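Colleague: These protein sequence lines are chains A and B, in that order.
End of the first sequence sits at 129 in full-length UniProt numbering; the numbers just go up one at a time, nothing left out.
End of the second sequence sits at 129 in full-length UniProt numbering; the numbers just go up one at a time, nothing left out.
One structure is given below, represented as structure tokens, and several questions about it will come after.
There are 2 protein chains.
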Amino acid sequence: MFIEIEANSSVPIYLQLAQQLIEGIARGDLKPGDSLPSVRAFAADLGMNMHTVNKAYHYLEEKEFIQIVAKSGVIIQPNGIPKASEKEKQQLAAQIRPLIAEGLVLKLSEEEMVAMLRELVQDIKEGKL
Amino acid sequence: MFIEIEANSSVPIYLQLAQQLIEGIARGDLKPGDSLPSVRAFAADLGMNMHTVNKAYHYLEEKEFIQIVAKSGVIIQPNGIPKASEKEKQQLAAQIRPLIAEGLVLKLSEEEMVAMLRELVQDIKEGKL
DNA sequence: GACTTGCTCTATCATATATAGAACAAATGT
DNA sequence: ACATTTGTTCTATATATGATAGAGCAAGTC
């Protein structure tokens, strides 16, 4: 797993970390049952604070993408991650919606945005930045 | 323009306001040259602070969706909003990317996400919540 | 000339982000 | 058995952001 953190981003670094782990799962680089580094080791590796890694882990745990086993370690959801519930789909749509609206204001056609989405899926699966 | 602000959202209310104005533009409800309420009047109408509306306006001005004419008023970009530049497209893609990745983790297929996008475009154009 | 306009300034309060260090108790590795 | 590692919890500090509040300014509008 290669993690790239932009210090000068408006996206908090705990979120950047969580998002890149999510991409790792999407890509299949991180599989069910795989263990993640300890908060201390990961923090040292990434040059950030232990509590920041911890926050990223809890963010992912709340989404049920990982399991945090106290005093033991952190693993990718061992039974596999279930398909999106209706609630999760709606939450995703609600988050994407303002971006689509902005695209429309910028005169992007529906087809252009569909193409953009398909390219993003490819990029993510290929681990392409 | 009907504006709905959720007080208990994690999205700042100045951003909610800006996003709903963007939807108004996308929908064609707000056309080039249309004037927006004064910061004071809008704030009173929405039950929020003048400075919060002002922040939303400056957010939109930075995107060049509106023009703020000091000591006069605020209008939708009178010459029309130009088509997205490459930079704007990349910025949009960068913001959508983590959401697509999350969709993939939740086992949504590319086609399901395309369908979701098409529905969002419809909803926005119809002003449907 | 009165009113409205966006802008600026100071101020306060709450929350979020990030770092730091210490201590705890249980699981793990040898 | 013992030392190490683990996530958790606590206090603490610093910075940034979000939101509100009120006052005053200078220029545009009616």
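Glycine included, each C-beta is placed from N, C-alpha and C at the ideal position.
Predicted model only: the values in this text are computed from it and were never measured.
Determine the closest residue to Ile9 of chain A out of B:Gly73, B:Ile124 and B:Gln95, with distance taken between C-alpha atoms.
Modeller: Note that residue 9 of chain A is Ser in the sequence shown here, rather than Ile. Comparing Cα positions, the closest option is B:Gln95.
Colleague: Using the C-alpha atoms, what's the distance from Lys71 of chain A back to Leu120 of chain B?
Modeller: Rounded to whole angstroms, Leu120 of chain B to Lys71 of chain A spans 44 angstroms at the Cα level.
Colleague: Interface residues of chain B around Lys107 of chain A at Cβ under 8 angstroms?
Modeller: Neighbours of Lys107 of chain A on chain B, chain order: Ile81, Pro82, Lys83 and Ala84.
Colleague: What runs of the alpha helix (DSSP H), each 4 residues or longer, lie entirely inside the UniProt domain "HTH gntR-type" (11-79) of chain B?
Modeller: Runs of the alpha helix (DSSP H) inside the UniProt domain "HTH gntR-type" (11-79) of chain B: 13-27, 39-46 and 50-62.
Colleague: I'd like to check one pair, Tyr59 of chain B with Val74 of chain B: are the Cβ atoms closer than 8 angstroms?
Modeller: Their beta carbons are not under 8 angstroms apart, which means Val74 of chain B does not touch Tyr59 of chain B by this criterion.
Colleague: Is there a Cβ from chain B that is less than 8 angstroms from the Cβ of Gln67 of chain A?
Modeller: No, its Cβ sits nowhere closer than 8 angstroms to a Cβ of chain B.
Colleague: Looking at the C-beta of Glu23 of chain A, does it have a partner C-beta in chain B at a distance below 8 angstroms?
Modeller: With 8 angstroms as the cut-off, Glu23 of chain A counts as an interface residue toward chain B.
Colleague: Residue 134 of chain A lies in the alpha helix (DSSP H); which residues open and close that run?
Modeller: Any answer about residue 134 of chain A is impossible in this case: the structure gives chain A only from 1 up to 129.
Colleague: Does any C-beta atom of chain A lie closer than 8 angstroms to the C-beta of Gly103 of chain B?
Modeller: It does; some Cβ of chain A falls within 8 angstroms.
Colleague: How is Ile100 of chain A classed by DSSP in three states: helix, strand or coil?
Modeller: It is helical.
Colleague: Of the residues B:Gln91, B:Met113, B:Asn79 and B:Pro82, which one's Cα is nearest the Cα of Ala93 of chain A?
Modeller: Selected option, being the one with the closest Cα: B:Met113.
Colleague: At the level of alpha carbons, what is the spacing between Ile3 of chain B and Ile22 of chain B?
Modeller: In a straight line, the C-alpha of Ile3 of chain B is about 11 angstroms away from that of Ile22 of chain B.
Colleague: Since Leu17 of chain B contacts Ile5 of chain B with CB under 8 angstroms, what's their CB separation in whole angstroms?
Modeller: Right, the Cβ-Cβ distance comes to about 7 angstroms (below 8 angstroms), so this counts as a contact.
Colleague: Look at Pro78 of chain B and Pro32 of chain B and say whether their C-beta atoms are less than 8 angstroms apart.
Modeller: Yes, the pair counts as a contact, with Cβ atoms nearer than the cut-off.
Colleague: Please say whether Lys107 of chain A and Ile66 of chain B have beta carbons closer to each other than 8 angstroms?
Modeller: Result no, Cβ atoms of Ile66 of chain B and Lys107 of chain A do not sit closer than 8 angstroms.
Colleague: So what's Leu92 of chain B in DSSP terms, helix, strand or just coil?
Modeller: Helix at Leu92 of chain B.
Colleague: Specify the secondary structure class of Lys83 of chain B as computed by DSSP and reduced to three states.
Modeller: Looking at Lys83 of chain B - three-state DSSP - the assignment turns out to be coil, as it is neither helix nor strand.
Colleague: Measuring only between beta-carbons, confirm whether Ala7 of chain A sits less than 8 angstroms from chain B.
Modeller: No, because no Cβ of chain B sits closer than 8 angstroms to the Cβ of Ala7 of chain A.
Colleague: Pick from B:Arg97, B:Gly127 and B:Glu126: whose alpha carbon is nearest that of Leu129 of chain A?
Modeller: Minimum Cα distance to Leu129 of chain A is reached at B:Arg97.
Colleague: Taking C-beta pairs closer than 8 angstroms, name the residues in chain A that Glu88 of chain B reaches, listed in chain order.
Modeller: Leu106, listed in chain order.
Colleague: Can you give the beta carbon distance from Ile76 of chain B to Asp34 of chain B, rounded, assuming they're within the 8 angstroms contact cut?
Modeller: With a Cβ gap of about 5 angstroms, Ile76 of chain B and Asp34 of chain B count as contacting.
Colleague: Please report whether the beta-carbon of Met113 of chain B lies at a distance below 8 angstroms from any beta-carbon of chain A.
Modeller: Yes, Met113 of chain B counts as interfacial toward chain A.
Colleague: If you compare alpha carbons, which of A:Glu88, A:Tyr14 and A:Glu102 is closest to Leu99 of chain B?
Modeller: The option with the nearest alpha carbon to Leu99 of chain B is A:Glu88.
Colleague: Could you check the C-alpha separation between Glu86 of chain B and Ala7 of chain A for me, to the nearest Å?
Modeller: Rounded to the nearest angstrom, the two C-alpha atoms are 24 angstroms apart.
Colleague: Using the Cβ count rule (16 or more neighbours within 10 Å means buried), how would you classify Glu102 of chain A?
Modeller: With 16 or more other Cβ atoms within 10 Å, it is buried.
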